[in-house]
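Counting with mature numbering (1 follows the signal peptide of the UniProt record, and there is no 0), you get residues -19 to -1, 1 to 338 for the letters of the sequence shown.
All residues carry an ideal CB built from backbone N, CA and C; glycine is no exception.
Owing to the predicted nature of the structure, the values given are computational and were not obtained by experimental measurement.
Heads up, the thing below is written out as structure tokens.
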Amino acid sequence: MKHAIVLLLALLWPAAAWADPVDDVDALLRSHDFSGVVRVWRGGDVLFHRAYGKANIEADVGMRLDTRFRIASISKLFTSVAVARLAEQGRIDYDAVIHDYLPGYTGEGGPVVTVRQLLTHTSGIANSDSVGSFEQAVADGMPLYQQPATPEQIVQRYASGRLVHPPGTHFDYNNADYFILGRIIEQVTGEAFPVALKRLVLDPAGIADTGMMDWRALSPVVASGYLCFGRDVPCIHELPVYHENWGAAGGLFSTSDDLARFSDLLFDGRLVGHDALARLLTVDKDEYAHGLWVAPATVRGRADRVAHRPGQVMGANTTLLRYVGDGLSILLLSNTTRAPMDETAFAIARAFLDEGE
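Laid out in structure tokens, this is it:
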């Protein structure tokens, strides 16, 4: 419900006199003390692409257009595409249940929760993320993310609980669903999730600056994350965690160029077939489809849809918008919690959509 309210307000954002969308968007970002990279494009035309702030405050490393960011829950969209490609190959059935692929899964939902319900967060499986605030994380810790663990261990410890709703009846945003999907992909392919993702999605998309964080290897250099509590208070470095523990739910890093290419290929039907794309964009409850929200929109008097994929993991703060028919795309990648990401993204969209009126 919260997401629907934010989206409705954004879609009804009052018209403004955007004399020059580039200058006005730049001013908007600076007014929020934005730190990160923003890219706006339509088809092959890059309308806006700028970097702001510091990739690392302590080392005084400036942000660059090719800076790598942890992309948080945008990772879920990559996971849903991997599932779609395996479904196209006949190796995954959306209506099969967890036990069809993970017979050793001990959670209550094993014999009844389907792949489709995992994708749409309607599994009814108990939510694995109980930390609701930074203050709570400091007080209670984040055991799911502060200890190294394999995907199998994470599913067993944190995604194998009871059912809190009958499957298919309620929307409940839950990383556990995508932890399980990651394990299903591993079981079906016989490959570790990062290897399978590279073969199924990254290589076909032709993107080489995207991958999984991994403490066991030399981690790629990514923007450091910061938590901010007001404009007049310095941001502080995020809690130490094992970012790869977010796995198929939120453990990827990427760049603005890679994400733009991935988005274009996906929504143009060149990464999965048009039937698979239509299925991926079909909403269930709370306007949530397979790894992203999709809502009705109107662009220059014509009916359209806006696909929306936000994400946040500690200081990593991301938003991807795509007007499916018009093709306008907005990507915000930030390494702080300072800017209101969704509101800013929709305001930027309105600036460039109004430009043609």
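Taking DSSP as the reference, what is the three-state secondary structure of residue 261?
-> Note: residue 261 maps to helix in three-state DSSP.
Mind listing, in chain order, the continuous beta strand (DSSP E) runs of no fewer than 3 residues lying wholly within the region 46 to 96?
-> none
Residue 125 (DSSP reduced to helix, strand or coil) = helix
Entirely within the region 228 to 275 and at least 3 residues each: give me those beta strand (DSSP E) ranges in chain order.
-> Segments of the beta strand (DSSP E) lying fully in the region 228 to 275: 233 to 235.
Compute the distance between the beta-carbons of residue 73 and residue 93, then report whether it is under 8 Å.
-> Cβ atoms of residue 73 and residue 93: not closer than 8 Å.
Beta-carbon proximity list for residue 320, same chain, < 6 Å, skipping 5 on both sides = 13, 15
Counting only the same chain and skipping the five closest in sequence on each side, list residues whose C-beta sits under 6 Å from that of residue 178.
-> 63
To the nearest angstrom, report how far apart residue 283 and residue 277 are at their CA atoms.
-> 11 Å
Would a C-beta distance cut-off of 8 Å place residue 300 and residue 285 closer than the cut-off?
-> no
Residue 333, buried or exposed, once every other Cβ within 10 Å from all chains shown has been counted against 16 | buried
Quick one: grab the DSSP three-state call for residue 319.
-> coil
Residues of its chain near residue 7, where Cβ-Cβ distance is below 6 Å and the 5 sequence neighbours each way are ignored = none
Option nearest residue 147 by Cα separation, candidates 107, 289, 77 = 107
Going by alpha carbons, who is nearest to residue 270 out of 26, 1, 102, 52?
-> 102
Reducing DSSP to helix, strand and coil, say where residue 299 ends up.
-> strand
Rounded to a whole number of angstroms, what is the C-alpha to C-alpha distance between residue 325 and residue 10?
-> Rounded to the nearest angstrom, the two C-alpha atoms are 8 Å apart.
Roughly how many whole angstroms lie between the Cα atoms of residue 105 and residue 273?
-> 18 Å
Residues of its chain near residue 32, where Cβ-Cβ distance is below 6 Å and the 5 sequence neighbours each way are ignored | 18, 44, 45, 46
Under 6 Å Cβ to Cβ from residue 65, same chain only, skipping five residues before and after it: list those, please.
-> 253, 257, 261
Hey, out of 240, 281, 279, 289, whose CA is closest to residue 264's CA?
-> 289
State yes or no: is the C-beta of residue 52 within less than 8 Å of the C-beta of residue 207?
-> no
Spatial neighbours of residue 292 within its chain, please: CB distance less than 7 Å, with the 5 preceding and 5 following residues excluded, ordered by chain position.
-> 52, 53, 54, 55, 231, 299
Between the C-alpha atoms of residue 220 and residue 295, what's the straight-line distance to the nearest angstrom?
-> 7 Å
Neighbour-count burial assignment, residue 150, 16 or more Cβ in a 10 Å radius | Classification for residue 150: exposed.
Let me know if residue 266 comes out buried or exposed under the rule of 16 or more other beta-carbons within 10 Å of its beta-carbon.
-> Exposed, because fewer than 16 other Cβ atoms sit within 10 Å of the Cβ of residue 266.
Paired residues, beta bridge with residue 294 - DSSP = According to DSSP, which records beta bridges pairwise, residue 294 is partnered with 297.
Determine the closest residue to residue 163 out of 24, 193, 186, 316, with distance taken between C-alpha atoms.
-> 193
Beta-carbon gap between residue 182 and residue 59 smaller than 8 Å | yes
Go ahead and label residue 327 buried or exposed: buried means 16 or more other beta carbons lie within 10 angstroms of its beta carbon, across all protein chains shown.
-> Buried, because 16 or more other Cβ atoms sit within 10 Å of the Cβ of residue 327.
Among the residues of its own chain, which have a CB less than 7 Å from the CB of residue 218, if the five just before and after it don't count?
-> Counting only Cβ-Cβ distances below 7 Å, and skipping sequence neighbours, we find 205, 207.
Would a C-beta distance cut-off of 8 Å place residue 229 and residue 159 closer than the cut-off?
-> yes
Would you tell me roughly how many angstroms separate the C-alpha atoms of residue 223 and residue 166, rounded to the nearest one?
-> The alpha-carbon of residue 223 is positioned some 21 Å away from that of residue 166.
Could you tell me whether the Cβ atoms of residue 249 and residue 280 are closer together than 8 Å?
-> In terms of Cβ geometry, residue 249 and residue 280 do not form a close pair [threshold 8 Å].
Is the Cβ-Cβ distance between residue 71 and residue 80 less than 8 Å?
-> no
Pairwise C-alpha distance: residue 138 and residue 30 = 42 Å
For the candidate residues 28, 89, 255, 212, whose alpha-carbon lies nearest to that of residue 143?
-> 89
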